[in-house]
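So the sequence shown is residues 1 to 334, counted in this note's numbering. In what follows, a single structure is set out as structure tokens and then discussed.
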Amino acid sequence: MKKVLVVGAGGFVGGFIVEEALRRGYDVWAGVRESTSRKYLGNPSIHFLNLDFDSQDSLASALTSALPEGERWDWIVYNLGATKCLSFSDFSKINYDYLRRFTDALSAAGKIPEKLLYMSSLSAVGPGDENGYTPFTERMVPHPNTKYGASKLKAEMHLAMSGIPHVIFRPTGIYGPRDKDYFLMFEAIKKGFDFSVGFRKQVLSFIHVEDLARAVYDALEKAPCGETYNIAEPHCYTQKDFRDIAAASVGRRFVFALCVPLWGLRMVSAIAEKWGVMKMKPSTLNRDKYNIMKQRNWKVDVSKAVADFGFSPRIGLIEGVESTVDWYKKEGWL
1 MKKVLVVGAG GFVGGFIVEE ALRRGYDVWA GVRESTSRKY LGNPSIHFLN
51 LDFDSQDSLA SALTSALPEG ERWDWIVYNL GATKCLSFSD FSKINYDYLR
101 RFTDALSAAG KIPEKLLYMS SLSAVGPGDE NGYTPFTERM VPHPNTKYGA
151 SKLKAEMHLA MSGIPHVIFR PTGIYGPRDK DYFLMFEAIK KGFDFSVGFR
201 KQVLSFIHVE DLARAVYDAL EKAPCGETYN IAEPHCYTQK DFRDIAAASV
251 GRRFVFALCV PLWGLRMVSA IAEKWGVMKM KPSTLNRDKY NIMKQRNWKV
301 DVSKAVADFG FSPRIGLIEG VESTVDWYKK EGWL
């Protein structure tokens, strides 16, 4: 039985990664903070490991005592990260420093795994071909234009020099039950409004969280170490495609589509960011988010993942949105 440690198990994606490991019969540890909610980690077979990323010694001690001497986890999925912060220093601390401390603690504890999968982001690459809409490939030279993307790329570079056997995932937009970001879009569409940005064509890509979780273990089982993979459903969509699918799922026959010009969004994003700093709470809308939303091309080539570990998403956007909206309704969100 494979021993698997999922770091960042309490988040939206982390919970599904834990569940997929349990479905495959692995022995699973959930790496969480003391204060992390365990609402979706109720399976009694889960081992919990409390991790304090602000203390190198505490991390090493926790990793050392989690398993008997001489044993280690076969695989580690590192899913910890922040998508909204007040400053680049906060992004760097959570997305880079915490990973560096964790890998150093693994080495100190003698618990380096057979393979570690790091959950990065397509934002680590930065903007792609905004004119011809050429798909993103793993051969592209990264040039991130967001603080979030830069911190993720910094973490990737650390792994490349760490000597730890690893695989890197760069998923596109992740959606599914329990997600709070795309929920805001579904909520607006149910009320009859949809907000898009910019007047030029925008090509979007998505990955359902369950397909992402399955891909994690397919890659751990089959993918060679040292490789990076873009992860997305092979098909791409326009904003209108997404709006029509979402409207049908929430039972809305007519949706008013409001297109915000880029200059307007940029102004609002700057104001919202400054307001968040004043309130000492990261704003959902900020200049980082503006750079992500203005990007016209999110088309992804996943042929490398298909070739290396048989990546084959099962859930298309129509089915995925319908099941996600059903979950929101069942839980009283919508």
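Just so it is clear, CB atoms sit at the ideal spot from N, CA and C, and this is done for glycine as well. Bear in mind the structure is a predicted one, so any value in this text is a computation, not a measurement.
- Around the C-beta of N291, 16 or more other C-beta atoms lie within 10 Å, and the residue is accordingly described as buried.
- Cβ-Cβ distances below 7 Å link L59 to L51, D52, F53, R101, F102 and A105 in the same chain, with the five nearest sequence neighbours on each side left out; the list follows chain order.
- For P313 against D211, the beta-carbon gap comes to about 4 Å, under 8 Å, which counts as contact.
- One alpha carbon belongs to D218, the other to N79, and they sit about 16 Å apart.
- Sorting F16, D90, K2 and V6 by C-alpha distance to the C-alpha of D179 places F16 at the top.
- If you draw a 10 Å sphere on the C-beta of F311, you find 16 or more other C-beta atoms in it, and that means buried.
- Using a Cβ distance threshold of 8 Å, L116 and H158 do not count as a contacting pair.
- Listed in chain order, the non-local C-beta contacts of E138 below 7 Å within the same chain comprise T228, Y229, N230 and K304, local neighbours out to five positions each way being set aside.
- Between E233 and F254, the C-beta spacing is not below 8 Å.
- Note that the C-beta distance between W29 and W75 is not below 8 Å.
- Under the 10 Å beta carbon count, W263 is surrounded by fewer than 16 other beta carbons and is classified as exposed.
- As far as DSSP is concerned, P142 takes part in no beta bridge.
- L184 is classed as exposed because its beta carbon has fewer than 16 other beta carbons within 10 Å across all chains shown.
- In the displayed model, V306 falls within a helix according to three-state DSSP.
- Of the residues L22, F195 and H235, the one whose Cα lies closest to the Cα of V4 is L22.
- With a 10 Å radius around the Cβ and a threshold of 16 neighbouring Cβ atoms, L220 comes out buried.
- Straight-line measurement puts the Cα of A188 at about 11 Å from the Cα of L258.
- Between the C-alpha atoms of Y118 and I46 there is a straight-line separation of about 21 Å.
- Rounded to whole angstroms, S65 and I112 show a C-alpha spacing of 14 Å.
- Per DSSP, T228 is one residue of the beta strand (DSSP E) stretching across T228 to I231.
- Around the beta carbon of D288, 16 or more other beta carbons lie within 10 angstroms, which makes this residue buried.
- Rounded to the nearest angstrom, the Cβ distance from V203 to C236 is 5 Å, consistent with a contact under 8 Å.
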